[in-house]
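Protein chains in written order, with the working numbering: chain L, 28 to 369; chain E, 28 to 353. This report concerns only the one structure given below.
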Amino acid sequence: MANAMLHQSVGTLQLLGNSGTHCEIRNNSVKLIPKGFKVEVGVSKRGIYSSGEGKLGVIRASASQTSVVDPVLAPSNNGIHESRTKSNEVALILIRHGESLWNEKNLFTGCVDVPLTKKGVEEAIEAGRRISNIPVDMIYTSALIRAQMTAMLAMTQHRRKKVSIIMHNESEQAKAWSQIYSEETIKQSVPVITAWQLNERMYGGLQGLNKQETAERFGKEKVHEWRRSYDIPPPNGESLEMCAQRAVAYFKDNIEPQLQSGKNVMIAAHGNSLRSIIMYLDKLTSQEVISLELSTGIPMLYIFKEENFIRRGSPVAPTETGVYAYTRGLAQYRQKLDEMLN
Amino acid sequence: MATNVMLQQAAGTLQLLSSCGIHFRVGNNSVRFPPKDLRAKRGSNCFGEKEFSVIQASALFPSNEESLKKSNEAALILIRHGESLWNEKNLFTGCVDVPLTHKGAGEAIEAGKRISNIPVDVIFTSVLIRAQMTAMLAMTQHRHKKVPIFIHDENEQARLWSQIHSEDAIKQSIPVITAWKLNERMYGELQGLNKQETAYRFGKEKVHDWRRSYDIPPPNGESLEMCARRAVAYFKDEIEPQLLSGKNVMIAAHGNSLRSIIMYLDKLTTQEVISLELSTGIPMLYIFKEGKFTRRGSPIAPTEAGVYAYTTRLAQYRQKLDEMLH
Chain L
28 MANAMLHQSV GTLQLLGNSG THCEIRNNSV KLIPKGFKVE VGVSKRGIYS
78 SGEGKLGVIR ASASQTSVVD PVLAPSNNGI HESRTKSNEV ALILIRHGES
128 LWNEKNLFTG CVDVPLTKKG VEEAIEAGRR ISNIPVDMIY TSALIRAQMT
178 AMLAMTQHRR KKVSIIMHNE SEQAKAWSQI YSEETIKQSV PVITAWQLNE
228 RMYGGLQGLN KQETAERFGK EKVHEWRRSY DIPPPNGESL EMCAQRAVAY
278 FKDNIEPQLQ SGKNVMIAAH GNSLRSIIMY LDKLTSQEVI SLELSTGIPM
328 LYIFKEENFI RRGSPVAPTE TGVYAYTRGL AQYRQKLDEM LN
Chain E
28 MATNVMLQQA AGTLQLLSSC GIHFRVGNNS VRFPPKDLRA KRGSNCFGEK
78 EFSVIQASAL FPSNEESLKK SNEAALILIR HGESLWNEKN LFTGCVDVPL
128 THKGAGEAIE AGKRISNIPV DVIFTSVLIR AQMTAMLAMT QHRHKKVPIF
178 IHDENEQARL WSQIHSEDAI KQSIPVITAW KLNERMYGEL QGLNKQETAY
228 RFGKEKVHDW RRSYDIPPPN GESLEMCARR AVAYFKDEIE PQLLSGKNVM
278 IAAHGNSLRS IIMYLDKLTT QEVISLELST GIPMLYIFKE GKFTRRGSPI
328 APTEAGVYAY TTRLAQYRQK LDEMLH
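Right under this line is the structure:
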C-alpha cells in the first residue's frame, strides 16, 4: 500500500511513495505556500520512488486542508509555542525503553526500578535522533527511571531546543519549590508528567527471579502461562489485562484530551504498558496483543486526527534516506525547524 | 599543604607514592597482597618529599568480603551533576527539574570512569532528574556490576510494587535513595529568569547579594544557610550512619547542597564555603574513618597515569575486582 507523502517545493509538488524504495529530498527546495492554493499532483518524471508496488493516488491539496498548524509555524510569534486549538492533526510518539541492567542479567523486572545499561542509554539517544524533527509538546513517562532517562536522553537530540521539565506534584512543597517565574521560559518548556499507571506490568512474586529460579520454584508451565496469557496474573502480580486496564484508563483520561486539544505527545514507557495502549489505538484483540512485540528504543509514530489514530510506523534516523515526513503538517514543522536553525 | 601518602602493595615489597602533583603509574599485575603482617618502613619517598609515618598493615588484610565489612573505613564519593539545559541557557534553575544536556550526560559518564574502581554500597541523590541521571550514567561505568535500584516508598502501593523476591538479586543491588533535602538551593522567584531579566527586575546589587551571601535569600527562596541546614541535617541523620556501619556511599547532587555538606566535612567557615566552587562532573572522594572525614581529592580517570589507590583497602577492592573480572 503506498503512503503518499506530500512535499512542497517552490511552485511544484513532488510526490513520494514509500513502498519500500526511499528517496532523499533536499531541504532547501521546500517552502511553505502561505495561502489558498490548489494542487494537483501526478507522478513525477523521474519515477524515483516506487518499484511499482501499488499505485499512487492523485492528491488534491487545497487550502482548506492546510489547517494543520504547529505553533512553531504561526508567523506572528517568532517560533514561540502558543496554544493551538484549531489543529486537527497531532503526533503521538511511543518509545519503549532499551536494555536495563536486569534485562542484561535476564531477571524478571516488572516494577522494580532498575536503570538502563550503557546499551540502553545508546538506544535512547538513537531513538531521539529518529524523532528529532517531530514536534513534542508534552511528555508522559512511567514512575521508573529507565523510562524517564530514555525520554530525557532522547530529547537531548531534539532539534526544537525546547526544554523538558519534569512536573512535581507529590506535595505542596514540591509544587511550590519547582515553580518557574518567567513566562518566556515556560513557553519554551515541554512538561514531563510521570505516572505509575504507565509503569511496566507488575510481576509480583517473580520480580528479581531469573528464568531458571522461576521454573524451579513454580514449574515451567505455570511460568509460561503467566508470561503468555492475557488474564492470568503471577502470584501477587498483574495479568496483562490488569496492566492494560490501568494504562489505557490513564491514556484516555489524561493523554487523549491533550491530543484532542492539539498537543503533540510523546510517551516513554514499557513493553506491557505500551502494548496495552497500542491495543486501544489499533483496536487489537487480546490474542493479537499477546503476540505484539515492541522493539526497544525504536519509536512508534501515530497521527491523531479527527478522533482516529493512524499508525505511521517508525520514523527513520535522519542519516538514512527515507520518507521526509509523514504528513504535510510534519513536513511544515521540519521546514520551520530548518529555517530557525540555519 | 599536607602530603597525601598512598600505599601500594606489591609482592613482598612496599612502594610508597606521593601525590603532590607528580603522578606515576603502577602496573596492576604487580600488585599482590602478602598474607601476613607487613610493616612499612619509614622514610621519605624517592622524590625527597616530606616524611610519612609507619603504617601497621596487619589489620588491613581481610581474608574475605566479610572482614572488609568490619573495616572501620568507608569511601564517600560526592558528584556534582554536569551541564543542564538551563545552565546552557543561563537561567537560574534551583529546584526546577531540568534534565541534562548531551554534554552533561557525557560528563556523568566521564565521572563514572573515574570512580569505576571505588566501592559503592548505597547511593543518595536529590529528587531532581539531573542528579539521578548523573548517578545512573556514572554507574554504567562501574566495574563491579552490582545493580543500582531506586527505592520507592512514596506510598504503600509503590513499596509493594517494587518488591524484589530474590535474595540473590537483593545482594547484588545498590539501593538508590532520593531525598529532596539534597536538592539544589531553592531560588524562589529567580527560578526561570536569566541573568539579565533578574538584573532588570531586582537590580544588579540585590542579585549579587543573593548569589554571593550566606544568609540572604532571594524572594520566596532559600539562602545558602537554609539550604545547608536541611542538607547537612539529612547527611548527619541518614548518610553518616551508613558510613559508620561501614557502607561505602555515593552522593549525586548539586552545587549548593554539596558545598553545604563539604562545609560540614571540612569544617569550613561561611566565608570559605561561599568561595568554594565544585567542578561539575568531577567526583570528590572522602575517606571516612574513626568518625573523621579525610579529603582525598578527585579520583583520576583510569587512562591517566596516577595514583593507584587512596588507601590499602581501596587497593584491595580494586584487586578483588581485577580477580573477579579475569
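All C-beta atoms, glycine included, are put in the ideal place defined by N, C-alpha and C.
Chain-ordered neighbours of residue i on chain E, where CB pairs are closer than 7 Å
i	result
glutamate 116/L	Result: empty, since nearest Cβ-Cβ is about 28 Å, beyond 7 Å.
threonine 212/L	Leu118 and Gly219
serine 209/L	Gly219, Leu220 and Glu224
serine 11/L	Outside the shown range of chain L, which is 28 to 369, sits residue 11/L, and nothing can be said about it.
proline 142/L	Met163 and Pro175
leucine 128/L	Val174
methionine 176/L	Met160 and Met163
methionine 229/L	Trp188
Under 8 Å from the C-beta of residue i: neighbouring residues of chain E
i	result
tryptophan 253/L	Near tryptophan 253/L there are no residues of chain E at all, since even the closest Cβ is about 14 Å away, more than 8 Å.
leucine 134/L	Ser193 and Ala196
leucine 233/L	His192
Cross-strand partners of residue i (DSSP beta bridge)
i	result
valine 174/E	Ser200/E
tyrosine 329/L	Leu119/L and Arg338/L
threonine 152/E	Thr205/E and Ala279/E
phenylalanine 135/L	In DSSP, phenylalanine 135/L forms no bridge with anything.
arginine 355/L	Arginine 355/L pairs with nothing; no bridge assigned.
valine 148/L	Answer is none; valine 148/L lacks a bridge partner.
serine 111/E	Leu127/E
asparagine 237/L	Leu134/L
arginine 322/E	Tyr313/E
alanine 118/E	Per the sequence presented here, residue 118/E reads as leucine, with alanine not at that position. In DSSP, leucine 118/E forms a bridge with Asn221/E.
leucine 143/L	Ser127/L
methionine 293/L	Ile120/L and Ile166/L
Minimum Cβ-Cβ distance from residue i to chain E less than 9 Å
i	result
valine 70/L	Caution is warranted here: a pLDDT of 35 is assigned to valine 70/L, below 50, making its placement in the model unreliable, and the coordinate value is therefore given only provisionally. Chain E, which has no Cβ nearer than 9 Å to the Cβ of valine 70/L, makes this no.
alanine 201/L	yes
cysteine 270/L	no
proline 326/L	no
tyrosine 167/L	no
methionine 367/L	no
glutamine 224/L	no
asparagine 237/L	yes
asparagine 249/L	The sequence shown places lysine at residue 249/L, not asparagine. No, no contact with chain E.
glutamate 240/L	yes
Secondary structure of residue i, DSSP reduced to three states
i	result
threonine 225/E	helix
alanine 222/L	coil
glutamate 232/E	helix
arginine 228/L	coil
isoleucine 192/L	strand
alanine 101/E	strand
serine 159/L	coil
methionine 306/L	helix
alanine 255/E	helix
isoleucine 217/L	The question names isoleucine, but residue 217/L in the sequence shown is valine. Residue state, collapsed to three classes: strand.
serine 127/L	strand
alanine 170/L	coil
Amino acids of chain L, ordered along the chain, whose beta-carbon sits closer than 7 Å to that of residue i
i	result
glutamine 16/E	The shown model of chain E, from 28 to 353, leaves out residue 16/E, and the question about it has no answer.
valine 125/E	Val190 and Ile192
leucine 112/E	Val190
serine 366/E	Nothing in the structure corresponds to residue 366/E, since chain E is present only between 28 and 353.
9 Å Cβ cutoff, residue i in contact with chain L
i	result
phenylalanine 177/E	yes
threonine 128/E	yes
threonine 307/E	no
threonine 167/E	yes
serine 284/E	no
glutamate 183/E	no
glutamine 269/E	no
methionine 213/E	yes
histidine 171/E	no
alanine 258/E	no
valine 203/E	yes
valine 149/E	no
leucine 251/E	no
valine 154/E	yes
Interface partners of residue i on chain L, CB under 8 Å
i	result
glutamate 100/E	Per Cβ cutoff of 8 Å: no residues; glutamate 100/E is ~28 Å from chain L at best.
leucine 352/E	What leucine 352/E touches in chain L: nothing, since even the nearest Cβ is about 15 Å away.
Residue i: contacting residues in chain L (beta-carbon distance under 9 Å)
i	result
glutamate 216/E	Gln206 and Tyr208
alanine 132/E	Val148, Ile152, Met179, Leu180 and Thr183
Check: Listed from N- to C-terminal order along the chain, which residues in the segment 183 to 198 of chain L have their beta-carbon within a distance smaller than 7 Å of any beta-carbon of chain E?
Finding: The residues in question are Thr183, Val190, Ser191, Ile192, Ile193, His195 and Glu197.
Item checked: Interface positions of the segment 235 to 249 of chain E facing chain L (Cβ-Cβ less than 7 Å), listed along the chain -> none
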